[in-house]
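Visitor: Following our numbering, the numbering of the sequence shown begins with 82 at its first residue and continues without gaps.
Glycine residues also receive a C-beta, built at the ideal position from the N, C-alpha and C atoms.
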Amino acid sequence: MTFREWIFSIHPEGDGYNGQWKFPHILTLCLCIALILTLTFLFRKKKQGTRELVVKILAIAILFFEITRRIINFAKGNAVDFNSTLYLLLPRPWCAISCWLVIIAATFNKKFLWNFASINALLCAVIFFAYPSAGFNDKHILFENLYSISTHALLLVSSVCILTLNIGDFRYKRETFQSGIMKELIMLVIVFAYGVFELLLDLSTDPLYFMPIEGNEVKEILGLGSVAYVIVYTIFLCVWINAFYLIPMLWKKFVKKEKKEN
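Okay, here's the thing in structure tokens:
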């Protein structure tokens, strides 16, 4: 295999196979967990700026893959008109959007951005490692495979480190309700508006997996009908987002109660 074939991800015939929960998949997940534990152990008691720097370095690694992939796609000559150029430039689907949410959070360093990035990135990473439909689906790891595996691994590590290194601030109400979860909810609306924008421009058939259509991988995995899928999707999203705020709140109440009793 030549370097050109590797960088342009030109797979040999019959290269596809089911790599879910095979050795490379399990090894990658174990390495992610080991890296999370190592970074948490080494930096959890460091200054805020140092802890943030850890995730910012991870964000730079994500940015490297995002930019490199776009350069390669343009080098292939895939940008033939305005729509195809947008298709190559704009992030899609949700996982790629989450990559840029981590990059944006690292750039602007706001609590609500860290929160929102972690919520999205962890969801995408968990789904990928539970049921990877890309990356581990070929015998040879070419650039597109490496991109998919690396970015999802970085999403997992960065999203968990935002939690374990206390970079975010998961409280329903911080100074005021408006400065609390409301900002994250506004970001959620913006992301879904962006998803609709991609649908209208025909850049993606379902960037956020909320369309109960044929080809929706999540819907097919769950085996649900259209109405049931929309209901489950909505409920799950509400539970997922609230879990990031409820668990710390309940834990603090438990610790406070234990201290009073002792």
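Roughly how many whole angstroms lie between the Cα atoms of TRP181 and LEU169?
Guide: Locating residue 181 in the sequence shown gives position 100, counting from the first residue. Locating residue 169 in the sequence shown gives position 88, counting from the first residue. Their Cα atoms are separated by approximately 14 Å.
Visitor: Starting from ASP219, follow its DSSP beta bridges and name the residues at the other end.
Guide: Here residue 219 refers to the residue found at position 138 when the sequence shown is read from its first residue. According to DSSP, which records beta bridges pairwise, ASP219 is partnered with GLY97.
Visitor: Quick check on GLY306: buried or exposed, where buried means 16 or more other Cβ atoms within 10 Å of its Cβ?
Guide: One-based indexing of the sequence shown puts residue 306 at position 225. Per the 10 Å Cβ criterion, exposed.
Visitor: DSSP three-state call for ILE178: helix, strand or coil?
Guide: Here the question's residue 178 lines up with position 97 in the sequence shown. ILE178 falls in the helix class under three-state DSSP.
Visitor: To the nearest angstrom, how far is the alpha carbon of TRP175 from that of PHE145?
Guide: Locating residue 175 in the sequence shown gives position 94, counting from the first residue. Locating residue 145 in the sequence shown gives position 64, counting from the first residue. Rounded to the nearest angstrom, the two C-alpha atoms are 18 Å apart.
Visitor: Here's the rule: buried if 16 or more other CB atoms are within 10 angstroms of the residue's CB, otherwise exposed. What is SER214?
Guide: The residue you call residue 214 lines up with position 133 of the sequence shown. Exposed, because fewer than 16 other Cβ atoms sit within 10 Å of the Cβ of SER214.
Visitor: Sorted by chain position, which residues of the same chain lie with C-beta nearer than 8 Å to VAL311's C-beta, five sequence neighbours on each side aside?
Guide: The sequence position of residue 311 within the sequence shown is 230, counting from 1. Counting only Cβ-Cβ distances below 8 Å, and skipping sequence neighbours, we find PHE291 and PRO293.
Visitor: Buried or exposed: where does CYS111 fall if 16 or more other Cβ atoms within 10 Å of its Cβ makes it buried?
Guide: Counted from its first residue, the sequence shown places residue 111 at position 30. It counts as exposed.
Visitor: On the criterion of 16 or more Cβ atoms from any shown chain inside 10 Å, does LYS300 qualify as buried, or is it exposed?
Guide: In the sequence shown, the residue the question calls residue 300 occupies position 219. Buried, since its Cβ has 16 or more Cβ neighbours within 10 Å.
Visitor: Specify the secondary structure class of LEU194 as computed by DSSP and reduced to three states.
Guide: On the sequence shown, position 113 is the one that residue 194 refers to. Three-state DSSP puts LEU194 in a helix.
Visitor: Tell whether a beta-carbon distance below 9 Å holds between MET330 and ARG252.
Guide: Position 249 of the sequence shown, counted from the start, is the residue given in the question as residue 330. Position 171 of the sequence shown, counted from the start, is the residue given in the question as residue 252. Yes, Cβ-Cβ distance for MET330 and ARG252 is below 9 Å.
Visitor: On the criterion of 16 or more Cβ atoms from any shown chain inside 10 Å, does ALA115 qualify as buried, or is it exposed?
Guide: Taking the first residue of the sequence shown as 1, we reach residue 115 at position 34. By the 10 Å Cβ count, ALA115 comes out exposed.
Visitor: Determine the contact status of ILE248 and GLN129, defining contact as a CB-CB distance below 9 Å.
Guide: In the sequence shown, the residue the question calls residue 248 occupies position 167. In the sequence shown, the residue the question calls residue 129 occupies position 48. Result yes, Cβ atoms of ILE248 and GLN129 sit closer than 9 Å.
Visitor: Between PHE210 and LEU246, is the Cβ-Cβ spacing less than 9 Å?
Guide: As a position in the sequence shown, residue 210 is number 129, starting the count at 1. As a position in the sequence shown, residue 246 is number 165, starting the count at 1. No. Outside cutoff.
Visitor: Can the beta-carbon of GLY296 be found less than 9 Å from the beta-carbon of ASP283?
Guide: For the purposes of this step, residue 296 is identified with residue 215 of the sequence shown, where counting begins at 1. For the purposes of this step, residue 283 is identified with residue 202 of the sequence shown, where counting begins at 1. Not a contact, by the Cβ cut-off of 9 Å.
Visitor: So the candidates are ILE262, ALA198 and SER229; which of them puts its Cα closest to the Cα of VAL241?
Guide: Along the sequence shown, one-based indexing puts residue 241 at 160. For the residues ILE262, ALA198 and SER229, the minimum Cα distance to VAL241 belongs to ALA198.
Visitor: ARG85: buried (16+ other C-beta within 10 angstroms of its C-beta) or exposed?
Guide: Position 4 of the sequence shown holds residue 85. It is exposed - the Cβ of ARG85 has fewer than 16 other Cβ atoms within 10 Å.
Visitor: How many angstroms separate the CA atom of PHE193 from the CA atom of LEU134?
Guide: Taking the first residue of the sequence shown as position 1, residue 193 is located at position 112. Taking the first residue of the sequence shown as position 1, residue 134 is located at position 53. The straight-line gap from Cα to Cα measures roughly 17 Å.
Visitor: With respect to the alpha helix (DSSP H) encompassing TYR253, which residues constitute its N-terminal and C-terminal limits?
Guide: Residue 253 sits at position 172 when you count from the first residue of the sequence shown. Counting along the chain, TYR253 falls outside any alpha helix (DSSP H), and DSSP gives it neither H nor E.
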